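Student: I am attaching a structure below and will ask some questions about it afterwards.
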Amino acid sequence: MPGADVDQPHFDPTESFSVLRLVSADGHEFYLDRRIAYECDTFRKMVEQGGFKEGQMNEIKLNNITGRLLEKVIEYLYYRYKYTDAKVPIPEFPIDDDMVLDLLVVANYLNLY
1 MPGADVDQPH FDPTESFSVL RLVSADGHEF YLDRRIAYEC DTFRKMVEQG GFKEGQMNEI
61 KLNNITGRLL EKVIEYLYYR YKYTDAKVPI PEFPIDDDMV LDLLVVANYL NLY
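Read left to right, the sequence shown gives residues 1 to 113 (our numbering).
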(Lines of atoms letter the chains of each structure in order from A and count residues from 1; the text may use other names and numbers.)
(Lines give C-alpha, C1' and ligand atoms only; values in the text may rest on other atoms or scores of the structure.)
Protein backbone atom coordinates (compact mmCIF):
# COMPACT_ATOMS: atom_id res chain seq x y z
CA MET A 1 0.00 0.00 0.00
CA PRO A 2 1.48 3.32 -0.99
CA GLY A 3 0.22 5.22 2.06
CA ALA A 4 0.94 2.50 4.60
CA ASP A 5 4.34 3.96 5.50
CA VAL A 6 2.79 7.29 6.49
CA ASP A 7 -0.17 5.80 8.37
CA GLN A 8 1.83 3.04 10.08
CA PRO A 9 5.48 4.10 10.22
CA HIS A 10 6.44 1.06 12.30
CA PHE A 11 4.65 -1.47 10.09
CA ASP A 12 7.00 -4.23 9.00
CA PRO A 13 5.66 -6.09 5.93
CA THR A 14 7.81 -9.11 6.78
CA GLU A 15 5.73 -9.70 9.92
CA SER A 16 2.78 -10.75 7.77
CA PHE A 17 4.90 -12.62 5.21
CA SER A 18 4.43 -16.37 5.28
CA VAL A 19 6.31 -18.99 3.27
CA LEU A 20 5.56 -22.55 2.21
CA ARG A 21 8.26 -24.98 1.23
CA LEU A 22 7.45 -27.18 -1.76
CA VAL A 23 9.65 -30.24 -2.27
CA SER A 24 9.68 -32.02 -5.63
CA ALA A 25 10.08 -35.74 -6.28
CA ASP A 26 13.76 -35.25 -7.12
CA GLY A 27 14.45 -33.25 -3.96
CA HIS A 28 14.38 -29.68 -5.28
CA GLU A 29 13.08 -27.24 -2.68
CA PHE A 30 11.08 -24.16 -3.57
CA TYR A 31 10.12 -21.47 -1.07
CA LEU A 32 6.91 -19.79 -2.07
CA ASP A 33 4.91 -16.91 -0.65
CA ARG A 34 1.74 -18.38 0.84
CA ARG A 35 -0.42 -15.90 -1.12
CA ILE A 36 1.01 -17.28 -4.36
CA ALA A 37 0.74 -20.91 -3.24
CA TYR A 38 -2.93 -20.37 -2.40
CA GLU A 39 -3.63 -19.71 -6.06
CA CYS A 40 -3.67 -23.52 -6.13
CA ASP A 41 -6.69 -24.78 -4.19
CA THR A 42 -4.98 -28.12 -3.59
CA PHE A 43 -2.09 -26.41 -1.78
CA ARG A 44 -4.54 -24.26 0.20
CA LYS A 45 -6.56 -27.26 1.35
CA MET A 46 -3.45 -29.24 2.30
CA VAL A 47 -2.24 -26.40 4.50
CA GLU A 48 -5.51 -25.16 5.99
CA GLN A 49 -7.23 -28.43 6.81
CA GLY A 50 -6.22 -29.61 10.26
CA GLY A 51 -5.65 -33.27 9.39
CA PHE A 52 -2.75 -32.66 7.02
CA LYS A 53 0.78 -32.55 8.39
CA GLU A 54 1.63 -30.06 5.61
CA GLY A 55 -0.28 -27.38 7.50
CA GLN A 56 1.69 -27.96 10.66
CA MET A 57 5.08 -28.17 8.94
CA ASN A 58 4.51 -25.47 6.25
CA GLU A 59 5.96 -27.97 3.80
CA ILE A 60 4.32 -29.83 0.94
CA LYS A 61 6.12 -32.85 -0.50
CA LEU A 62 5.10 -33.62 -4.06
CA ASN A 63 6.51 -37.09 -4.61
CA ASN A 64 5.16 -37.42 -8.13
CA ILE A 65 6.15 -34.01 -9.57
CA THR A 66 9.71 -33.34 -10.76
CA GLY A 67 11.53 -30.12 -9.99
CA ARG A 68 11.34 -29.01 -13.62
CA LEU A 69 7.56 -29.37 -13.69
CA LEU A 70 7.09 -27.89 -10.22
CA GLU A 71 9.11 -24.86 -11.25
CA LYS A 72 6.75 -24.32 -14.19
CA VAL A 73 3.71 -24.75 -11.93
CA ILE A 74 5.14 -22.07 -9.61
CA GLU A 75 5.72 -19.76 -12.59
CA TYR A 76 2.08 -20.29 -13.52
CA LEU A 77 0.90 -19.52 -9.97
CA TYR A 78 2.78 -16.20 -10.07
CA TYR A 79 1.30 -15.52 -13.51
CA ARG A 80 -2.20 -16.32 -12.25
CA TYR A 81 -1.73 -14.13 -9.15
CA LYS A 82 -0.47 -11.22 -11.26
CA TYR A 83 -3.17 -11.32 -13.93
CA THR A 84 -6.26 -12.21 -11.89
CA ASP A 85 -8.69 -9.32 -12.40
CA ALA A 86 -6.12 -7.52 -14.58
CA LYS A 87 -7.29 -4.56 -16.57
CA VAL A 88 -4.48 -4.89 -19.08
CA PRO A 89 -4.13 -7.38 -21.93
CA ILE A 90 -3.05 -10.74 -20.54
CA PRO A 91 -0.06 -12.26 -22.36
CA GLU A 92 0.01 -15.92 -23.26
CA PHE A 93 1.65 -18.16 -20.65
CA PRO A 94 4.73 -19.74 -22.27
CA ILE A 95 5.03 -23.53 -22.20
CA ASP A 96 7.70 -25.57 -23.98
CA ASP A 97 6.33 -28.17 -26.36
CA ASP A 98 8.27 -30.98 -24.70
CA MET A 99 6.52 -30.50 -21.35
CA VAL A 100 2.92 -29.82 -22.42
CA LEU A 101 1.58 -33.33 -21.75
CA ASP A 102 3.42 -33.69 -18.43
CA LEU A 103 2.12 -30.30 -17.30
CA LEU A 104 -1.40 -31.29 -18.26
CA VAL A 105 -1.15 -34.33 -15.98
CA VAL A 106 0.30 -32.21 -13.14
CA ALA A 107 -2.36 -29.51 -13.60
CA ASN A 108 -5.05 -32.19 -13.40
CA TYR A 109 -3.46 -33.66 -10.25
CA LEU A 110 -3.32 -30.22 -8.59
CA ASN A 111 -6.76 -29.19 -9.87
CA LEU A 112 -5.36 -26.13 -11.67
CA TYR A 113 -7.91 -24.90 -14.19
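By construction, the Cβ of each residue, glycine as well, lies at the ideal position given by its N, Cα and C atoms. Source: prediction; values computed, not measured.
1. Given that a residue counts as buried once 16 or more other Cβ atoms are within 10 Å of its Cβ, and exposed if not, what is L104?
2. Is the stretch 56 to 63 touching the stretch 90 to 103 in the sense that three or more CB pairs, one from each, lie closer than 8 Å?
3. How would you write the range of the beta strand (DSSP E) that E29 sits in, first residue to last?
4. Does the beta-carbon distance from L77 to A37 come in below 9 Å?
5. Can you tell me whether DSSP reads K61 as helix, strand or coil?
6. Closest to P89 by C-alpha separation, out of Y79, I95, D98 and D97, would be which residue?
7. Helix, strand or coil: how does DSSP classify V88 here?
Tutor: Taking the geometry as given:
1. exposed
2. no
3. E29 to D33
4. yes
5. Three-state result, K61: strand.
6. Y79
7. coil
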